[in-house]
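Enquirer: Right, I'll just put the structure down here and ask away after.
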Amino acid sequence: MRIVVRIGGSVVASPINTELISKYANIIKTVKNQGHEVAVVVGGGALAREFIGIAKNLGLDMVAQDEIAISCSRLFAQLFLKKLGDAACSKVALTLDDAAECLGEGKVVVMGGLKPGITTDAVAALVAERLNAELLVKGTDQDGVYDKDPRKSPDAVKLDRLSVEDLAKVFEHNEHKAGIHQIIDPEAIKVFKRKRLKLVVVNGFKPENILAAIEGENVGTVIS
Ligand code: UTP
165 MRIVVRIGGS VVASPINTEL ISKYANIIKT VKNQGHEVAV VVGGGALARE FIGIAKNLGL
225 DMVAQDEIAI SCSRLFAQLF LKKLGDAACS KVALTLDDAA ECLGEGKVVV MGGLKPGITT
285 DAVAALVAER LNAELLVKGT DQDGVYDKDP RKSPDAVKLD RLSVEDLAKV FEHNEHKAGI
345 HQIIDPEAIK VFKRKRLKLV VVNGFKPENI LAAIEGENVG TVIS
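With the working numbering applied, the sequence shown corresponds to residues 165 to 388, in that order.
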């Protein structure tokens, strides 16, 4: 199976958790050894947000803020890539073409951000579309998708299953802002509407959830 794994910067990079990065690297190698083709998309986390703040204070515009955040995510992607060693391509993929080429070489694709105006959720969705992946697993800092933001509403209820259309409704009023933290970026939802694939949102602090999602076990929120 072709799989895209999106690892939230909020999980591995806020603060930077080397133990978790190592665990993820092992899990990605396991998934590859099981015969799957894998692309990993890593976010920029707190470092990206810090640099977005610095760029803002310097009076730089949104595109510049995003570009700087993308560089931060690519730094984490590079760490990941190095930790994967031979299993991964020699360089972080900077474009969707790079990603396709790397997968064609039988290696794990690793990438961070792609272009201003989106988040790495949308990158993961675009990569999944380009590579024709069947499954996208997102490891985030919540147990899945909730009907409301669980950090603001203690009565928020976790949803086990929903359709892409339902997901779009949960996030109807969102628009892109540099550094914004959402469970799924609305730009990504647009891609999911045209490229139907299974999306599973799991708690990324337990990397074994990625394996469980691939096995089709009941974990996190399944969106299809
Ligand atoms: P993310 O918000 O995707 O990173 O990118 P993250 O840390 O993994 O997010 P969590 O864990 O889901 O919260 C950080 C910022 O980088 C810029 C955006 O400003 C985004 O909010 N970015 C990222 C882009 O502009 N383009 C990209 O392709 C990726």
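Glycine included, each C-beta is placed from N, C-alpha and C at the ideal position.
What are the start and end residues of each continuous beta strand (DSSP E) run of 3 or more residues lying completely inside the segment 181-238, in chain order?
Expert: Runs of the beta strand (DSSP E) inside the segment 181-238: 201-206.
Enquirer: Tell whether a beta-carbon distance below 9 Å holds between D330 and A320.
Expert: Cβ atoms of D330 and A320: not closer than 9 Å.
Enquirer: For M165, tell me which candidate among L278, Q242, V272 and P371 has the shortest Cα-Cα distance.
Expert: That would be V272, whose Cα lies nearest to the Cα of M165.
Enquirer: Consult DSSP for N373 and reduce its assignment to one of helix, strand or coil.
Expert: Three-state DSSP puts N373 in a helix.
Enquirer: When the Cβ atoms of the segment 221-234 are set against those of the segment 292-311, are three or more pairs found closer than 8 Å?
Expert: Touching, no.
Enquirer: Looking at the structure shown, is R315 part of a helix, part of a strand, or coil, going by DSSP?
Expert: Coil.
Enquirer: Tell me, to the nearest whole angstrom, how far the beta carbon of L267 is from that of K193; I am working on the premise that it is less than 8 Å.
Expert: The Cβ separation is near 16 Å, so there is no contact.
Enquirer: Report the residue from G384, K362 and D261 whose alpha carbon sits nearest the alpha carbon of I167.
Expert: Looking at the Cα atoms, K362 is the closest of the given residues.
Enquirer: Mind checking whether A352 and T283 have CB atoms under 9 Å apart?
Expert: Yes, the Cβ-Cβ distance between A352 and T283 is below 9 Å.
Enquirer: Cα-Cα, which of N373, A252 and V256 is closest to F240?
Expert: Among N373, A252 and V256, the Cα nearest to that of F240 is on V256.
Enquirer: Among Q229, V274 and L295, which residue has its Cα nearest to the Cα of L245?
Expert: Of the listed residues, the one whose Cα sits closest to L245 is V274.
Enquirer: Could you give the DSSP three-state label for T385: helix, strand or coil?
Expert: Note: T385 maps to strand in three-state DSSP.
Enquirer: Which stretch, first to last residue, makes up the alpha helix (DSSP H) that contains T118?
Expert: Residue 118 lies beyond the stretch modelled for the chain, which goes from 165 to 388, so this question has no answer here.
Enquirer: State yes or no: is the C-beta of T385 nearer than 8 Å to some heavy atom of the ligand UTP?
Expert: Because no heavy atom of the ligand UTP lies under 8 Å away, the Cβ of T385 does not count as near it: no.
Enquirer: Under the DSSP definition of a beta bridge, which residues are partnered with M165?
Expert: Paired residue(s): none; M165 is not in a bridge.
Enquirer: Identify, in the order they occur along the chain, each residue of the same chain with its Cβ nearer than 6 Å to the Cβ of I185, setting aside the five sequence neighbours on each side.
Expert: So the list reads V176, once near-sequence residues are dropped.
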